[in-house]
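Enquirer: In the working numbering, the protein residues as written are 49 to 404.
Note that CB positions come from ideal geometry on N, CA and C, so glycine has one too.
The structure displayed is predicted, hence computed values, not measured ones.
If you scroll down you'll find the structure; I have some questions about it.
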Amino acid sequence: MMHKHSDYMHWAKTQSRARFNLATSGVGSFPLKELPFDCTTLEINGENSYGYVPLKRAIASYSGVDPDCVVMAAGTSFANYLAMATILEPGDEVLIEHPAYGLLVDAARYITGNVKRFARREDDGYALDPAAVRQAISPRTKLVVLTNLHNPSSAEASDAALREVIDLARSVGARVLVDEVYLDAIYENTPQTSFLLGPEVVVTSSLTKVYGLSGIRCGWILAEPDLARAMWQLNNLFAATPVHPGELISVAAFEHLDIPRQKARRVVEADRKLLNEFLDRETGVSAVRTRWGTTSFVRLVRGDVDAFLDRLRAEFETSAVPGRFFEMPDHFRIGMGVNTEMFAEGLRRISAALAG
Ligand SMILES: Cc1ncc(COP(=O)(O)O)c(C=O)c1O
């Protein structure tokens with residue numbers, strides 16, 4: 049049987065919400081009224097057979113790439129699927145980081161069924177470790193998949209490690225897919241997209257997680273032009289053309305990206321300060337600290353995480369993401385950047401649950 053579902057996505061859609069919702073991954077929603085955008089320019093239909101050209105150009109210029117390398121997609125979610133489905137054939141070997149964002153594994157299982165893993169170790173700060181990739185890669189590997197920043201931990205991959213992983217992939221004729229949906233949460237000296245590191249790199253991203261613009265589903269893939277053309281062709285089987293009003297708002301968003309980004313930064317940084325204070329005082333949990341990112345992957349030192357999170361929800365009205373969705377069931381993930389009062393109270397309630 050082909051793998052045709054995502055337990056994590058179903059849980060996120062139906063179970064993750066709570067009064068104190070720490071089960072988020074991106075920043076709070078950015079309202080349209082705060083975006084300089086003339087709503088009278090909104091249109092229903094437009095010329096977008098292979099993507100609306102002004103938006104394609106905006107993504108290309110933001111990424112520092114040629115527009116021929118840009119493929120638009122509904123969010124990073126569909127970007128990841130379209131990229132993998134274009135690159136992989138049934139039975140091809142794909143090497144995915146562990147722990148990983150569940151949808152990457154689900155999509156790869158659906159497409160090829162032949163998923164292998166390489167470790168990002170907690171005791172190494174979840175660093176991208178080329179030695180782990182070297183150990184797991186084989187001449188059958190067609191694609192290496194990783195996130196930067198890493199979901200769930202928010203660890204940043206070093207440029208040197210990325211280059212080594214790309215070299216390893218090249219040596220066996222594989223490509224590297226880097227999901228950069230959280231990369232712009234590095235608010236200072238933001239690295240350039242790793243697409244620029246080599247022709248075998250394919251990047252996915254969107255304006256969702258870091259900008260609070262999830263509703264317009266502005267996602268994209270960066271790929272060398274021949275591969276990008278193949279992705280557009282495969283997309284003809286699925287989405288055909290994008291939602292044009294979303295494209296128009298996305299163009300406006302690219303003109304003013306700093307407004308949602310700076311707004312979110314203030315909340316993320318206030319939340320991170322609270323998170324660090326919480327981790328300093330709590331002995332019942334531990335986590336790799338990171339400077340950037342909107343999620344933290346927390347280890348529960350004693351006890352069963354699912355039972356703990358059930359009690360946290362039932363008695364304390366607080367939610368977090370069970371680590372089992374990242375194949376690390378003794379952890380849970382908490383999210384920053386939505387609302388600092390809610391985050392502070394959520395942490396207080398986690399402390400109360402740990403104490404009880
Ligand atoms: C690593 C990663 N990629 C992609 C997505 C989906 O992003 P989008 O909302 O742009 O579809 C998520 C959402 O949590 C994610 O964590």
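With a 10 Å radius around its C-beta and 16 neighbouring C-beta atoms as the bar for buried, classify Lys190 as buried or exposed.
Expert: If you number the sequence shown from 1, residue 190 lands on position 142. The residue in question, Lys190, is buried, as its Cβ has 16 or more Cβ neighbours within 10 Å.
Enquirer: Compute the Euclidean distance between the alpha carbons of Asp274 and Arg223, then round it to the nearest angstrom.
Expert: Counting from 1 along the sequence shown, the entry for residue 274 is found at position 226. Counting from 1 along the sequence shown, the entry for residue 223 is found at position 175. Answer to the nearest angstrom: the Cα atoms are 14 Å apart.
Enquirer: Tell me whether Phe243, by its Cβ, gets closer than 8 Å to a heavy atom of ligand 1.
Expert: Here residue 243 corresponds to residue number 195 of the sequence shown, with the count starting at 1. No, ligand 1 has no heavy atom inside 8 Å of this Cβ.
Enquirer: Between the C-alpha atoms of Met132 and Glu145, what's the straight-line distance to the nearest angstrom?
Expert: If you number the sequence shown from 1, residue 132 lands on position 84. If you number the sequence shown from 1, residue 145 lands on position 97. Cα-Cα distance, rounded: 15 Å.
Enquirer: Pull up the distance between the alpha-carbon of Val163 and that of Pro239, whole angstroms please.
Expert: The residue given as residue 163 occupies position 115 in the sequence shown. The residue given as residue 239 occupies position 191 in the sequence shown. Rounded to whole angstroms, Val163 to Pro239 spans 29 Å at the Cα level.
Enquirer: Take the Cβ of Cys87 as the centre, count every other Cβ of all protein chains shown within 10 Å, and call the residue buried at 16 or more, exposed below.
Expert: What you label residue 87 is simply residue 39 of the sequence shown in a count that begins at 1. Exposed: under 16 other Cβ atoms inside 10 Å.
Enquirer: Going by the C-beta, is Thr407 closer than 8 Å to any heavy atom of ligand 1?
Expert: In the structure as shown, the chain begins at 49 and stops at 404. Residue 407 is therefore absent and cannot be evaluated.
Enquirer: Is it buried or exposed for Val349, if we count other Cβ within 10 angstroms and need 16 for buried?
Expert: As a first step, residue 349 must be located in the sequence shown, where it is residue number 301. Label assigned to Val349: exposed.
Enquirer: I'd like to confirm something about Ser298: is its beta-carbon nearer than 8 Å to some heavy atom of ligand 1, or not?
Expert: What you label residue 298 is simply residue 250 of the sequence shown in a count that begins at 1. Ser298 Cβ: outside cutoff for every heavy atom of ligand 1.
Enquirer: Would you mind listing the beta strand (DSSP E) stretches within the segment 126–208 that are 3+ residues and don't spill past its ends, in chain order?
Expert: Fully enclosed beta strand (DSSP E) runs of 3 or longer: 141–146, 163–167 and 189–195.
Enquirer: Could you compute how far the alpha carbon of Glu236 sits from the alpha carbon of Ala209?
Expert: Along the sequence shown, read from residue 1 onward, the residue named residue 236 stands at position 188. Along the sequence shown, read from residue 1 onward, the residue named residue 209 stands at position 161. Using only the alpha carbons, I get a separation of about 20 Å.
Enquirer: Name the residue from Ala276, Gly383, Arg396 and Gln310 whose alpha carbon lies nearest to the alpha carbon of Arg329.
Expert: What you label residue 329 is simply residue 281 of the sequence shown in a count that begins at 1. If we check each option's Cα against that of Arg329, Arg396 comes out closest.
Enquirer: Could you compute how far the alpha carbon of Gly263 sits from the alpha carbon of Val386?
Expert: One-based indexing of the sequence shown puts residue 263 at position 215. One-based indexing of the sequence shown puts residue 386 at position 338. Their backbone Cα atoms lie some 15 Å apart in a straight line.
Enquirer: Note down, in chain order, each residue of its chain lying with its Cβ closer than 8 Å to the Cβ of Ala66, except the 5 sequence neighbours on either side.
Expert: On the sequence shown, position 18 is the one that residue 66 refers to. Same-chain partners within the cutoff: Arg361, Glu365, Thr366 and Ser367.
Enquirer: For Pro370, does the three-state DSSP call read helix, strand or coil?
Expert: Along the sequence shown, one-based indexing puts residue 370 at 322. In this structure, Pro370 counts as strand in the three-state DSSP scheme.
Enquirer: Given this structure, state the Cα-to-Cα distance separating Gly99 from Gly351, to the nearest angstrom.
Expert: Within the sequence shown, residue 99 is the residue found at index 51, counting from 1. Within the sequence shown, residue 351 is the residue found at index 303, counting from 1. So the two alpha carbons sit approximately 50 Å from each other.
Enquirer: Cα-Cα, which of Ala108, Arg218, Phe68 and Ser201 is closest to Asp171?
Expert: For the purposes of this step, residue 171 is taken as the residue at position 123 of the sequence shown. Ranking the options by Cα distance to Asp171, first place goes to Ser201.
Enquirer: Does at least one heavy atom of ligand 1 sit under 8 Å from the Cβ of Ser262?
Expert: To locate residue 262, count along the sequence shown from 1; it is residue 214. Answer for Ser262: yes, Cβ within range of ligand 1.
Enquirer: From which residue to which residue does the beta strand (DSSP E) around Trp268 run?
Expert: One-based indexing of the sequence shown puts residue 268 at position 220. Per DSSP, Trp268 belongs to the beta strand (DSSP E) from Cys266 to Leu270.
Enquirer: In angstroms, rounded to a whole number, what distance separates the CA positions of Arg314 and Gly221?
Expert: In the sequence shown, residue 314 corresponds to position 266, counting from 1. In the sequence shown, residue 221 corresponds to position 173, counting from 1. Distance between the alpha carbons of Arg314 and Gly221: 43 Å.
Enquirer: Confirm the yes/no value for this check: CB of Tyr230, any heavy atom of ligand 1, distance under 8 Å.
Expert: Start at 1 with the first residue of the sequence shown, and residue 230 comes out as number 182. At least one heavy atom of ligand 1 is nearer than 8 Å to the Cβ of Tyr230, so yes.
Enquirer: Answer with yes or no whether the minimum CB distance from Val226 to chain D is below 9 Å.
Expert: Within the model displayed, chain D is absent; a lone protein chain is all it includes.
Enquirer: Quick check on Phe68: does DSSP put it in helix, strand or coil?
Expert: Working through the sequence shown from its first residue, we reach residue 68 at position 20. In the structure shown, Phe68 sits in a strand (DSSP, three-state: E or B).
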